[in-house]
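Numbering (the numbering used here) for the sequence shown: 256 to 760.
Don't be surprised by glycine CBs; every beta carbon is placed ideally from N, CA and C.
These numbers were taken from a predicted model, which means no experiment stands behind them.
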Amino acid sequence: MKKLVYLLAGLLVLSCSKDDDGPTPPGTTADVNVQNFMWQAMNLWYFWQGDVADLADDRFATDAEYSEFLASETGPEAFFDNRLRFVEDRFSFYSDDYTELTQNLAGISRSNGLEFGLIFDDANGNNQLDDTDPIFGVVRYIVSGSNAATADIERGEIFVGVDGTMLNGGNYAGLLFGDNATYTLMMADYNGGDPVPNNKEVTLTKEENLSENPVYIVKSFEIGADKIGYLMYNGFTNEYDEDLNNAFGSLVADGVTDLVLDLRYNSGGSVNSSRLLSSMIYGKKTNDLYLRQRWNDKIQEAFTRDDATALNDYFASQTGAGTPINTLNLQRVYILTTRSTASASELVINGLDPYIEVIQIGTTTTGKNEFSLTMVDDPGRPGAPFIYSPSRVNQIDPENAWAIQPLVGRNENADGFFDYTAGFAPEIELREDLGNMGVLGDANEPLLARAIQEITGVAAKRSWIPERPFETFTDNRMFTPLGNNMVLDKEIELPQGLLERMPQQ
């Protein structure tokens, strides 16, 4: 199994080659080689570089001291976690296979296509997951074209075991997310919110290179005088930006005047895709600031020394492919959220908030306001040392397949607001109901129905109190390289003149 750490809640050494500038690492083991790459990349780019003593520019007086430091931990995992990570960093991670990581960031993964959340029974009453706590899963949706799409399983169904073993806090990760390509789920009946196994079993097989189009549902409703658009968007993947724009084209053609944007299971992804989505909602107002990046002090100074606006990003008028954006030009948007709503999804909420009314329905979001970059052992990339580029794969050290995905900055909106680590709380709180998950995209699905009621002003003849409200403690996406990451996917280049003026170790 590839080594990959997922955090669940959780200047300068610049050179053209590893032999230029900076301390000289010992060349005795591959691990030390990896750890040298990690330190140099983190010393330059890490958002909290100034807060980690071991990442200080003047940390090492001699090469020997640096060499001893690199060998101070048993391997790259311990080195990154114990020596480089800032104590408040919940989301940076690493992988021993940059190819797998970069494919996942492009929406390609090894998956059976079953999207699910996990809930635990707090048997010990201590409000934390213990090894013996029973766990059950609830199906959220099925990825089109996947193995799960051919199986007898659907949204709202519950499973309590895998391959004959009941799930608990100590075994769920290995059973569901281990090396096993195929597993059999033990299904259960709802039983008033206390699931009990039934005789149904569902066997699923993970497929290599499964691609998921995040534009999951797009449709319009005409209710009285209101034309309401609904878009369920499950991941910010820039490879599908044209599909997203086409979805808005259909909403524009339908003449929708209100939009319900369903981000309840969208854990993040591309920063630029979030900018495009927000532009499709708000308009092609390219003079209006969408976000402003905030980096560590060294990088911030380098970017802004000659241009104070260099880190500003504005609303867009076209996609990356040059296609004019289809926009609804709205003054209000309704966004459905859960705890799984994170990073780039939260960026949409924050970026739109200074300009239009954002009405959030559901539960509080994750609270991830930092963005990351994929870094590999390519110190010679001009203007952007260590930052992964598919055009430079041949320049990556062939002896080092490791990648790191550190948090490198925060995005603030046009009002300068960025502090939402506690998540965005909804204006209208409504949890999903284990007893009535509903059909996604159906006007009677509880969260969508509540949004429609808010738009039309027509009181529904139903109770909004869930029979069995729930929040998941994690979901299957948190066990993928992307997780709830927000990835800065614009071209980054530090001006060479500024690089030359920066202090060298």
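Query, Result
"So, helix, strand or coil for K623, using DSSP?", "coil"
"Taking Cβ to Cβ, would you say N367 is nearer than 8 Å to L459?", "yes"
"Would you check if the distance between the CB atom of I374 and the CB atom of T727 is smaller than 8 Å?", "yes"
"According to DSSP, is S522 part of a helix, a strand, or is it coil?", "coil"
"Between which two residues does the beta strand (DSSP E) harbouring E556 extend?", "That residue, E556, is in no beta strand (DSSP E); its alpha helix (DSSP H) goes D552 to T559."
"Which same chain residues end up closer than 6 Å to E556 when comparing Cβ atoms and leaving out the 5 residues on each side of it in sequence?", "none"
"With a floor of 4 residues, list each alpha helix (DSSP H) that falls wholly inside the segment 456 to 514, ordered by position along the chain.", "496 to 508"
"Which residue wins for smallest C-alpha separation from T492, given the options L532, D509 and N649?", "L532"
"Under 8 Å: do the segment 577 to 590 and the segment 561 to 569 share three or more Cβ pairs, one atom per stretch?", "no"
"For T619, collect the residues of the same chain with a Cβ closer than 6 Å to its Cβ; drop the 5 residues on either side in sequence, then sort them by chain order.", "G678 and A680"
"Starting from the C-beta of G265, find all residues in its chain whose C-beta is less than 6 Å away, skip the five residues before and the five after it, and write them out in chain order.", "With a pLDDT of only 30 at G265, under 50, the local geometry of the prediction cannot be trusted, and the value read off the model is given with reservation. Closer than 6 Å at Cβ, skipping near neighbours: R345."
"Where are the beta strand (DSSP E) runs, 3 residues long or more, that stay fully inside the segment 554 to 604, in chain order?", "567 to 569 and 587 to 592"
"Measure the beta-carbon distance from L518 to T582 and round it to whole angstroms, keeping in mind my assumption that it falls under 8 Å.", "Not confirmed; about 18 Å, so no contact."
"Ignoring anything shorter than 4 residues, give me the alpha helix (DSSP H) runs that lie fully in the segment 652 to 729, in order along the chain.", "701 to 711"
"Please state the DSSP three-state secondary structure of V393.", "strand"
"Looking at the unbroken beta strand (DSSP E) that takes in M442, where does it start and where does it end?", "T437 to D444"
"Helix or strand or just coil, what does DSSP make of N298?", "helix"
"Which residues in the same chain as D730 place their Cβ atom closer than 6 Å to its Cβ, once the five residues preceding and following it in sequence are excluded?", "G372 and S595"
"Candidates V287, V289, N298 and N288: which alpha carbon is nearest L662's?", "N298"
"Using the Cβ count rule (16 or more neighbours within 10 Å means buried), how would you classify R340?", "buried"
"In three-state terms, what does DSSP make of G411?", "coil"
"Do you know offhand how far D608's Cα is from S529's?", "14 Å"
"Cα separation between D744 and P452?", "45 Å"
"Using 8 Å as the threshold, is the C-beta distance between Y353 and V742 below it?", "no"
"Is the distance from the Cβ of K623 to the Cβ of I580 below 8 Å?", "no"
"Bridge partners for E370 per DSSP, in chain order?", "Y396"
"Is it right to say N423 is buried, meaning 16 or more other beta carbons lie within 10 angstroms of its own, or is it exposed?", "buried"
"If I follow the unbroken alpha helix (DSSP H) through F432, where does it start and stop?", "Y427 to F432"
"Does the count of Cβ pairs from the segment 685 to 697 and the segment 652 to 667 closer than 8 Å reach three?", "no"
"So, helix, strand or coil for M741, using DSSP?", "strand"
"Have a look at A361, P331, F432 and D449 and flag the residue whose alpha-carbon is nearest the alpha-carbon of P389.", "D449"
"Determine the direct distance from the alpha carbon of N464 to that of R457, and round the result to whole angstroms.", "Position check: residue 457 holds Val in this sequence, whereas Arg was assumed. Their Cα atoms are separated by approximately 22 Å."
"Based on DSSP bridge pairs, tell me the residues matched to Y349.", "I659"
"With H, G and I counted as helix, E and B as strand and the rest as coil, what does DSSP make of Y545?", "strand"
"Would you report the Cα separation of D513 and E722, rounded to the nearest angstrom?", "29 Å"
"Along the chain, where does the alpha helix (DSSP H) that runs through E343 open and close?", "Neither: E343 is in no alpha helix (DSSP H) and is coded neither H nor E."
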